[in-house]
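Protein chains in written order, with the working numbering: chain A, 89 to 388; chain B, 89 to 388.
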DNA sequence: CAAAAGCGGTGCGCAATTTGCACCGCTTCA
DNA sequence: TGAAGCGGTGCAAATTGCGCACCGCTTTTG
């Protein structure tokens with residue numbers, strides 16, 4: 089759109105780091121680009137770039153402008169979505185930043201259900217840890233975040249929270265599989281696999297172990313991939329720890345899942361959220377509320 | 089600003105009701121304006137005006153676009169305000185929609201106090217009843233609303249609520265002036281002046297009278313002007329009813345104010361609010377919070 | 001230490017876009 | 001039934017924006 093082209097210029101210069109490089113990227117001359125950014129700054133009344141010997145860099149005012157640009161883009165997309173909605177055409181795009189646990193079962197089912205009714209709506213699903221997800225929201229890179237134990241920055245607006253007790257994954261022939269509920273002390277004697285502290289499961293495990301014992305969580309394999317961990321326990325007969333929403337409880341996948349006793353380890357919290365104060369595009373907002381409903385049903 | 093000029097065109101056409109009239113207002117030819125609005129619609133992908141024989145009118149998509157335009161304008165003003173704030177220059181404009189009761193004492197003092205510290209900030213104070221104030225917020229015509237008993241539309245975000253018992257105004261020689269508190273039944277036998285049902289005072293009085301007696305509020309003079317009513321009681325020795333925040337309690341103005349018993353009439357509520365989800369310009373937001381602090385002190 | 005390379009900024013001539021003018025087809029209203 | 005007012009369009013004029021060449025400056029490099 090025409091009225092956003094000044095914003096394109098600003099963003100291109102930010103990406104390129106200099107006016108000349110940005111001009112090359114945009115297939116125009118540096119002089120034209122230079123004049124456009126100068127006019128923009130003149131109209132705004134303030135410079136937004138620091139002129140450095142090797143290029144330009146945003147100054148604090150420019151940071152504000154950049155955020156404004158992203159917000160304007162997002163708001164215009166929402167307008168288009170709403171207008172399209174009026175015409176009876178259900179179109180739009182929903183972008184979600186979520187934890188790995190949502191990837192195998194929950195989100196595929198929810199997205200398929202939504203798309204069954206609204207074929208025109210497309211989705212992007214990004215795997216993000218709790219810190220990255222919140223950054224995604226505040227840069228308008230994602231509409232919706234669905235993560236465990238987020239940092240709760242001021243910009244994160246919680247739509248729904250559901251409790252998720254940690255489950256232990258193991259082979260069916262593991263002795264612990266006979267128990268309906270597993271104590272923390274029983275796990276520490278067996279080899280286990282776990283993710284890093286970037287992930288909510290590990291944070292909760294570490295906290296619980298520190299509180300109740302003098303021992304530590306010492307995984308024999310540390311991995312970022314929940315999928316990897318699910319498969320690894322089948323080979324070494326180790327233990328893995330995951331949230332139930334990402335698990336198959338039927339045993340059909342070869343592993344058995346048993347809850348960790350909440351006397352030992354606090355349950356995790358799965359947060360559904362969006363950028364505070366943001367009005368989401370029609371499709372995103374509708375899907376957000378479908379997710380909220382589904383999660384509430386899941387918790388009950 | 090350049091990137092908002094398409095929005096200027098749209099708003100001018102809306103105001104004028106036809107492309108030709110708008111073109112005249114803008115001192116350009118109708119053909120140029122016509123092409124610009126056509127290009128805008130083409131880029132948006134949807135028409136936003138209905139073409140009628142006598143001009144044009146917004147269609148539902150256009151209504152959405154209009155709201156978007158107002159939001160963009162407001163957001164850009166906020167950006168400029170924030171950037172100005174960075175440069176150490178405190179500038180900006182604060183617009184307030186408020187009930188009459190705030191006009192004589194409360195708001196002048198608050199605005200003067202704010203401007204004593206920030207000379208660059210200007211204000212506009214609009215007298216609005218509870219319905220109009222909320223419309224002002226949602227069209228971005230005002231940043232802040234301060235009214236009694238608003239309708240509470242979905243767009244009205246309450247920042248603070250303080251109780252305001254209704255006071256009776258009378259001449260000092262009125263027999264009721266001797267009482268510390270006045271009962272409703274004592275008022276109904278005397279001539280009184282009151283505003284219409286558009287105003288919170290009258291709404292509360294009507295509700296109370298309906299509940300406790302078979303009589304009705306029958307003012308001898310009905311007026312929209314609180315100032316008029318304050319002066320009228322001095323002439324006919326009638327009663328008037330107002331909220332205390334708009335009254336001089338020292339008696340220096342010639343009238344005496346006594347509270348109506350809360351056993352008879354529910355106290356009013358003064359609401360400080362803004363448009364839900366809107367991020368106010370720096371100056372407006374700062375003044376909003378000064379108001380909140382001052383009102384809390386006033387209530388205590 | 002000097003030359004080269006890379007940067008933002010500017011004057012000028014030209015090309016692309018936008019505008020004004022004249023005019024069309026249409027509906028409404030006196 | 002004609003006049004008036006509306007939105008839309010072809011074409012030439014005017015304005016805007018662009019590329020080119022070049023300046024002054026700082027950093028890098030040999």
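Glycine is no exception: its CB is placed at the ideal position from the N, C-alpha and C atoms. The structure displayed is predicted, hence computed values, not measured ones.
Contact belief for residue i with residue j at Cβ below 8 angstroms, rounded distance in angstroms
i	j	result
residue 284/B	residue 306/B	Going by Cβ atoms, the distance from residue 284/B to residue 306/B rounds to 13 angstroms, so no, they are not a contact pair.
residue 242/B	residue 361/B	That pair is no contact at about 12 angstroms.
residue 270/B	residue 346/B	5 angstroms
residue 238/A	residue 331/A	In fact, because the Cβ distance is near 14 angstroms, the residues do not count as touching under 8 angstroms.
residue 258/A	residue 193/A	Not a contact, Cβ separation roughly 19 angstroms.
residue 364/B	residue 244/B	7 angstroms
residue 276/B	residue 303/B	6 angstroms
residue 234/B	residue 379/B	7 angstroms
residue 370/A	residue 149/B	With a Cβ gap of about 13 angstroms, residue 370/A and residue 149/B do not count as contacting.
residue 201/A	residue 387/A	Incorrect: roughly 18 angstroms between the Cβ atoms, too far for contact.
residue 219/B	residue 157/B	Incorrect: roughly 23 angstroms between the Cβ atoms, too far for contact.
residue 215/B	residue 195/B	Rounded, the Cβ-Cβ distance is 10 angstroms, inconsistent with contact.
Paired residues, beta bridge with residue i - DSSP
i	result
residue 357/B	251/B
residue 157/B	In DSSP, residue 157/B forms no bridge with anything.
residue 226/B	DSSP output for residue 226/B lists no bridge partner at all.
residue 186/A	215/A, 234/A
residue 246/B	361/B
residue 300/A	Beta-bridge pairing links residue 300/A to no other residue.
residue 282/B	310/B
residue 210/B	181/B
residue 270/A	348/A
residue 258/B	344/B
residue 330/A	255/A
residue 143/A	140/A
Nearest residue (CA-CA) to residue i, options the options
i	options	result
residue 227/B	280/B, 155/B, 204/B	155/B
residue 189/B	318/B, 387/B, 327/B, 338/B	318/B
residue 217/B	286/B, 335/B, 253/B, 195/B	286/B
residue 136/A	110/A, 101/A, 158/A	101/A
residue 162/A	92/A, 141/A, 112/A	92/A
residue 123/A	157/A, 141/A, 170/A, 107/A	107/A
residue 249/A	275/A, 300/A, 276/A, 383/A	383/A
residue 147/B	129/B, 337/B, 301/B	129/B
residue 174/A	153/B, 158/B, 372/B, 125/B	153/B
residue 203/B	387/B, 375/B, 380/B	375/B
residue 254/B	348/B, 142/B, 103/B	348/B
residue 169/B	158/B, 209/B, 98/B	209/B
residue 324/B	333/B, 335/B, 145/B, 278/B	278/B
residue 141/B	340/B, 335/B, 381/B, 105/B	105/B
residue 313/A	334/A, 120/A, 265/A, 370/A	334/A
residue 205/B	179/B, 274/B, 213/B	179/B
residue 339/A	197/A, 260/A, 231/A	260/A
residue 230/B	272/B, 381/B, 159/B, 127/B	159/B
residue 95/B	290/A, 341/A, 126/A, 89/A	89/A
residue 300/B	272/B, 316/B, 315/B, 290/B	272/B
Own chain partners of residue i with C-beta closer than 6 angstroms, once the 5 adjacent residues on each side are dropped
i	result
residue 236/A	187, 288, 356, 358
residue 211/B	182, 199
residue 132/A	none
residue 221/A	185, 233, 235
residue 143/A	105, 106
Neighbourhood of residue i by C-beta, 8 angstroms cutoff - its chain only, sequence neighbours within 5 removed
i	result
residue 320/A	281, 309, 311, 326, 328
residue 103/A	110, 113
residue 293/B	254, 282, 305, 329, 353
residue 145/A	105, 137, 138
residue 256/B	264, 270, 275, 327, 328, 329, 345, 346, 347, 348
residue 117/B	111
Closer than 7 angstroms: residue i CB and nearest the ligand HEM heavy atom
i	result
residue 290/B	Among the components of this structure there are no ligands whatsoever, and the ligand HEM is therefore not found.
Cβ neighbours of residue i in the same chain (closer than 7 angstroms, five flanking residues each side left out)
i	result
residue 274/B	264
residue 367/A	166
residue 134/B	149
- Task: Could you list the residues in the stretch 137-166 of chain B with a C-beta less than 8 angstroms from some C-beta on chain A, going in chain order?
- Result: Of all residues in the stretch 137-166 of chain B, the ones placed with a Cβ closer than 8 angstroms to any Cβ belonging to chain A are 148, 149, 152, 153, 156, 159, 160, 163, 164, in chain order.
- Which residues, taken in chain order from the stretch 125-136 of chain A, show a beta carbon closer than 9 angstroms to some beta carbon of chain B? Of all residues in the stretch 125-136 of chain A, only 127, 128, 131, 132, 133, 134, 136 come within less than 9 angstroms of chain B when Cβ atoms are compared, listed by chain position.
- Short-range partners of chain B found in the stretch 350-370 of chain A, where Cβ spacing is below 7 angstroms: Listed in sequence order: 365, 367.
- Closer than 7 angstroms, Cβ to any Cβ of chain A: which residues of the stretch 227-253 of chain B, in chain order? Listed in sequence order: no entries.
- If you measure beta-carbon to beta-carbon, which residues of the stretch 100-116 of chain B are closer than 9 angstroms to chain A? Within the stretch 100-116 of chain B, contact with chain A at the beta-carbon level (separation under 9 angstroms) is assigned to no residue.
- Query: Using a beta-carbon distance cut-off of less than 9 angstroms, what residues from the stretch 193-224 of chain B approach chain A?
  - Reply: Listed in sequence order: no entries.
- Query: Listed in chain order, which residues of the stretch 334-349 of chain B have Cβ atoms closer than 7 angstroms to some Cβ of chain A?
  - Reply: Within the stretch 334-349 of chain B, not one residue has a Cβ closer than 7 angstroms to any Cβ of chain A.
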